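The structure under discussion appears below in the form of structure tokens.
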Ligand SMILES: [Zn+2]
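In this note's numbering, the protein residues as written are 6 to 399.
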């Protein structure tokens with residue numbers, strides 16, 4: 006398409022929105038530098054955005070506390086209006102739905118958690134997400150036209166083009182269901198879907214332990230084991246959106262048959278379910294994976310041994326990712342992250358033992374900075390990451 010003046014204006018508007026989304030409280034001169042546009046163009050675009058209610062000018066003209074000192078008349082600070090757009094995040098687990106309404110900067114305006122037997126009831130679950138979305142907009146008094154979209158993180162591999170779930174053996178009732186279409190029909194909102202590990206990675210990168218880095222791997226140690234990979238600041242999703250399935254890296258030759266159909270996957274030895282199975286055999290009484298955080302807190306010797314062995318296995322599997330991707334940070338999240346150093350230290354030593362020394366130098370392995378709401382915040386962030394483009398209608 007040719008760059009007509011109208012197109013150039015749209016491009017300029019997008020650049021201004023991007024600059025203000027990245028850095029709230031920006032002066033006009035800073036905006037000119039950040040966008041590469043002329044002073045006159047910036048002034049005109051800002052006037053339009055203020056008139057449209059998307060941008061506000063700080064009347065007080067206060068200097069940001071950590072900003073550079075300026076001389077003369079203080080420059081007025083421009084900011085995006087947080088309420089100019091909203092995103093809904095939905096975290097669909099195996100046994101719950103969590104929904105959150107966020108403003109443009111990820112500020113939480115409404116949230117709710119509901120128990121649900123998700124795996125066997127896809128239709129009811131989708132109806133619940135739609136009902137919670139309506140409740141969020143009603144309670145927070147937000148018009149649907151202000152919502153840029155609904156982002157979904159779900160405990161299943163998701164095809165990034167079709168939104169179809171590759172839920173074989175994972176969520177029995179959901180196989181082949183096109184989540185994107187189903188939710189768009191129910192909510193009349195744009196929908197983006199990813200798996201829960203990618204949603205967690207995005208949240209940790211934007212609001213949690215990964216705020217200072219652009220190259221990180223987030224590993225979610227819950228019922229399933231998955232990883233979300235952020236490379237050069239962007240989620241690395243692969244051709245069909247299935248990158249990061251670290252839980253199904255082969256680890257034990259001739260090991261247990263995994264739910265994916267292969268043998269000896271990481272998940273068969275290091276997931277909370279695998280640890281609970283070990284304890285069930287050892288104690289001669291059923292142990293539920295959901296009780297592991299409480300058992301870890303009691304510091305039972307056998308539980309800690311099983312957790313440490315799981316950490317070592319995770320470290321060995323991670324060594325492949327660290328060697329190939331050279332991240333700066335590994336963030337451990339999910340149910341097993343509550344074990345703290347009892348899981349981190351074996352992960353670190355497992356990575357160190359099996360990774361190119363130069364790739365492991367400077368690598369940090371830490372627990373997640375966010376709590377169990379990481380996935381839902383990341384789901385909303387799927388939309389918010391593109392807020393400037395969605396706001397400018399590009
Ligand atoms: Zn597997």
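We treat Cβ as the ideally placed atom computed from N, Cα and C, and that holds for glycine.
The structure presented is a predicted model; accordingly, all values stated were derived computationally and were not measured.
Boundaries of the alpha helix (DSSP H) around residue 278: 277 to 288.
For ligand 1, a non-hydrogen atom lies closer than 7 Å to the CB of residue 267. In this structure, DSSP gives residue 338 an extended state, which the three-state scheme calls strand.
Under the three-state reduction of DSSP output, residue 82 falls in the strand class.
The Cβ neighbour count for residue 132, taken over all protein chains shown within 10 Å, is under 16; the residue is labelled exposed.
Going by DSSP, residue 369 is part of the beta strand (DSSP E) stretching over 369 to 372. Shown here for residue 339: same chain residues with a beta carbon closer than 6 Å to its own, the five before and five after excluded, namely 225, 226, 227 in chain order.
Of the residues assessed, residue 179 falls on the buried side of the cut-off, its CB having 16 or more other CB atoms within 10 angstroms. Straight across, the Cα-Cα distance linking residue 357 with residue 296 is about 30 Å. The C-alpha of residue 40 is placed about 23 Å away from the C-alpha of residue 216. Contact between the region 252 to 272 and the region 368 to 377 is absent: fewer than three C-beta pairs spanning the two stretches fall below 8 Å. Approximately 5 Å separates the beta-carbon atoms of residue 158 and residue 201; this is inside 8 Å, confirming the contact. Under the three-state reduction of DSSP output, residue 183 falls in the strand class.
DSSP links residue 158 through a beta bridge to 96, 199.
Proximity of the beta carbon of residue 272 to ligand 1 is indicated: a heavy atom of the ligand is located closer than 7 Å. Sixteen is the threshold: when 16 or more other Cβ atoms of the shown chains lie within 10 Å of the Cβ of residue 203, as they do, the residue is buried. Shown here, residue 32 sits in a strand according to DSSP, grouped into three states.
Between ligand 1 and residue 253, a heavy atom-to-CB distance of less than 7 Å is present. Put simply, of 121, 88, 82, 84 the residue whose alpha carbon is nearest the alpha carbon of residue 96 is 121. Per DSSP, the unbroken beta strand (DSSP E) holding residue 61 starts and ends at 60 to 62.
Residue 115 is classed as buried because its beta carbon has at least 16 other beta carbons within 10 Å across all chains shown. In the three-state reduction of the DSSP assignment, residue 255 falls in the strand class. Each residue's CA atom was taken as its position, placing residue 135 and residue 143 some 12 Å apart. With fewer than 16 neighbouring CB atoms inside 10 Å of its own CB, residue 181 falls in the exposed class. Collapsing the DSSP output to three states places residue 23 in a helix.
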